[in-house]
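Here is the structure we will look at, set down as structure tokens.
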Amino acid sequence: MSWGTELWDQFDNLEKHTQWGIDVLEKYIKFVKERTEIELSYAKQLRNLSKKYQPKKNSKEEEEYRYTSTRAFLATLNEMNDYAGQHEVISENMTSLITGELTRYVQELKQERKSHFHDGRKAQQHIETCWKQLEASKRRFERDCKEADRAQQYFEKMDADINVTKADVEKARQQAQLRHQMAEDSKAEYSSTLQKFNSEQHDHYYTHVPNIFQKIQEMEERRIVRIGESMKTFAEVDRQVIPIIGKCLDEITKAAESIDHKNDSQLVIEAFKSGFEPPGDIDFEDYTQPMKRTVSESSLSNSRGDGKSEPKFGGKSKGKLWPFIKKNKLMSLLTSPHQPPPPPPASASPSAVPNGPQSPKQQKEPLSHRFNEFMTSKPKIHCFRSLKRGGAGPEDFSNLPPEQRRKKLQQKVDELNKDIQKEMDQRDALTKMKDVYIKNPQMGDAASVDHRLAELAQNIEKLRLEVQKFEGWLAEVEGRLPMRTEQARRQSGLYEAQNTSAVNSCAQDRESSPDGSYTEEQSQETEMKVPATDFDDEFDDEEPLPTIGTCKALYTFEGQNEGTISVAEGEMLYVIEEDKGDGWTRIRRNEDEEGYVPTSYVEVYLDKNAKDVYKSLQKIS
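Throughout, the numbering used here is defined as the position within the sequence shown, counted from one, plus 59.
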């Protein structure tokens, strides 16, 4: 089966068919190119997806990846990154093994096809030329024969006519002979040309054309084989990465199987365990006995000393629910005397103020006593001031609950020990270098490392002092963590009931605080049993509230209740907190004296810049 014998007369169709074959090959190349672009785009999207959900450095998300479920998710992201890499490999291999190779092959194929069809056209033109020569010789022979026939007829006519001279007859005879000779020559030439054409035509259709068509057939068959091999390569490129993709999927499955719900639950305990114990039971207080009620309302310290806490806050169920009051409401309760201020006196007489029916000292609600006592304790003031100012936590992590503080201190100790080890390794290396310099002075000056060794010794000493400091705090925390007795729990019940709301508010607002931690003192339980003077000593280190303006006392006010301060008429004082609508303004006389006075008793002069800063702090809190 050969195109040369079977398709000897289909030169034009073969030319169209081979051109179509090249078009098919170019179409397949375009298809593979688009496939590689899809693979690259898919790989890029997978990498972007993996990067999008990767934990950001130095962020809260990094802490979340200690859980097995999130670690499994991180492993999935990493495997998806490798999975994307395999699609990039597919694209690269298809580009190099298929697209590049076929593109070069198409160029060679076009050149070969052009050469073959050029030879075919040349042979076709040659046979056409031979045919034209044959036709010309045939027409010449035909013409000469006709001329010879006419000359013979003319001679015979002249010879039969008696009126014609003998010379004319002889001339006609010679002319007829000449024409006959020319006809014979044309006949011989025609015969020779015909034989030559037949030979050329035979060679054309049985030798030249079959050879050319055979080469075209071989070229087309090579094209078909090549596109088939490319399709196999197309599949093989995918098949080569299947084992690696399978490993990626196996790793994802392995990561999923490594998820341990029990371990994650334990991690939640370790992350959020405060170390506090639930408050003790609240004893019933009988309000039907006026004397007991008076005693109960008169002093919170008496109630605490007896190990009792007040169960009522203006309602039957409020004693249990008040720890869950929202932060803003609790702040408004704690930042003013929680009582309408007295109206300004009709005269400047000092006696007109303190004995008024609405004087802050006439507090009949036990809740006021509790909040005032709540404000005087150092842990609470620290908590709410930290919320207002957004300050960083203390160095000893005392703003954290006991268990969390212990973990942070232990972590700090481990970090310091690692730093000490690094410094010691450097010191050992420099010591060895110095010994080498001493033994071989030509290698370096031994005295050149003394300065660095002294610095390392100082650094190590500083780090060891830091370790001792943090280990002391760690020992203090670990000494306070053991379980308390039932009696101690009952004695601290009242304090913890008051403290719960503030702790919850601080915990709920962790994200608004720069360090995202409690602003509660971890040692509040122990400090509750210490006299108030201890709190005062520690409170001296607290940063005072910023001054936002000044004020002048219009009347004399005797602050006889907790949270208020006495002022004399005409006295100039500093304003540290504006009236929030409750009728009280917070002022300061000096570093140790501050409190609330009725707004109507003072004339306030606010500093605009300080006021803006104060408002921004209020917004942050």
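Quick reminder that beta carbons are idealized off the backbone N, C-alpha and C, glycines included.
Being a predicted model, the structure only gives us computed values, none of them experimental.
Identity of the residue in the options nearest residue i by Cα
i      : options                        : result
Ala516 : Tyr124, Ile318, Thr490         : Thr490
Asn270 : Ser196, Phe70, Glu636, Ala294  : Phe70
His175 : Met241, Glu96, His267, Tyr142  : His267
Leu99  : Ser128, Lys86, Glu151, Arg523  : Glu151
Ser109 : Gln78, Asp141, Lys313, Glu85   : Asp141
Glu454 : Leu161, Glu525, Ala226, Asp262 : Glu525
Val536 : Asn499, Lys467, Asn518, Ile497 : Lys467
Gly273 : Gly179, Thr644, Phe200         : At residue 273 the sequence reads Gln, which differs from the Gly that was named. Residue Gly179 is the option with its Cα nearest to Gln273.
Gln527 : Asp473, Asp484, Lys498, Gln276 : Asp473
Glu160 : Glu206, Lys92, Gly144, Glu259  : Lys92
Trp62  : Lys246, Gln113, Gln276, Leu156 : Gln276
Pro289 : Met60, Ile88, Val495           : Per the sequence shown, residue 289 should be read as Ser rather than Pro. It is Ile88.
Gln212 : Arg198, Asp494, Ala231         : Ala231
Lys197 : Lys205, Ile157, Ser245         : Ser245
Leu533 : Ile341, Arg464, Met631         : Arg464
Residues of its chain near residue i, where Cβ-Cβ distance is below 6 Å and the 5 sequence neighbours each way are ignored
i      : result
Lys103 : none
Glu171 : Met278
Val223 : Met217
Leu105 : Met139, Ala143
Glu628 : Ala407, Ala612, Tyr614, Thr615
Gln240 : none
Phe156 : According to the sequence shown, residue 156 is Leu rather than Phe. Thr292.
Glu424 : Low local confidence applies: a pLDDT of 41 at Glu424 is under 50, so the model's placement there is unreliable, with the coordinate-based value given in what follows. Excluding sequence neighbours, Glu424 sits near nothing in its chain.
Cβ neighbours of residue i in the same chain (closer than 8 Å, five flanking residues each side left out)
i      : result
Gly618 : Pro419, Ile624, Ser625, Val626, Gly654, Tyr655, Val656
His76  : Glu279
Phe256 : Cys189, Trp190, Gln192, Leu193
Arg486 : Leu512, Leu515, Ala516, Ile519
Val228 : Phe214, Met217, Asp218
CB contact flag (residue i, residue j, <9 Å)
i      : j      : result
Phe529 : Leu475 : yes
Tyr633 : Thr609 : yes
Ala195 : Arg238 : no
Val300 : His146 : yes
Glu636 : Ile607 : yes
Arg281 : Ile81  : no
Glu259 : Ile186 : yes
Arg130 : Ser317 : yes
Phe462 : Ile519 : According to the sequence as given, residue 462 is Glu; it is not Phe. No, they are not a contact pair.
Phe4   : Ala235 : With the chain represented from 60 up to 680, any question about residue 4 goes unanswered, as that position is not in the structure.
Glu310 : Ala488 : no
Ala505 : Lys493 : yes
Thr64  : Thr154 : no
Val165 : Glu74  : no
Val83  : Ile286 : yes
Arg647 : Leu604 : yes
CB contact below 9 Å: residue i versus chain C
i      : result
Lys611 : Judged by its chain identifiers, the structure shown contains no chain C, having just a single protein chain.
Three-state class that DSSP yields for residue i in the structure shown
i      : result
Asp71  : helix
Leu665 : strand
Lys639 : coil
Pro338 : coil
Pro460 : coil
Lys611 : strand
Met631 : strand
Phe343 : coil
Glu653 : strand
Ser427 : Note that Ser427 scores a pLDDT of 44, beneath 50, so its modelled location is shaky and nothing firm can be said.
Thr224 : coil
Arg647 : strand
Thr606 : coil
Rounded Cβ spacing between residue i and residue j (contact assumed at less than 8 Å)
i      : j      : result
Pro460 : Gly334 : 5 Å
Tyr264 : Trp67  : 6 Å
Val495 : Met502 : 6 Å
Leu136 : Tyr112 : 6 Å
Residues near residue i in its chain [Cβ-Cβ closer than 7 Å; skip 5 each side]
i      : result
Lys471 : Phe529
Asn322 : Thr127
Asp21  : Outside the modelled stretch of the chain, which goes from 60 to 680, sits residue 21, for which no answer is possible.
Ile149 : Glu98, Val296, Asp297, Val300
Phe456 : Arg464, Lys467, Leu468
Tyr664 : Gly608, Thr609, Cys610
Glu630 : Ala612
Asp484 : none
Asp319 : Thr127
Leu253 : Leu193
Any non-hydrogen atom of the ligand SAH within 8 Å of residue i CB
i      : result
Glu329 : Annotation note on the ligand SAH: not contained in the displayed structure, which lists no ligands.
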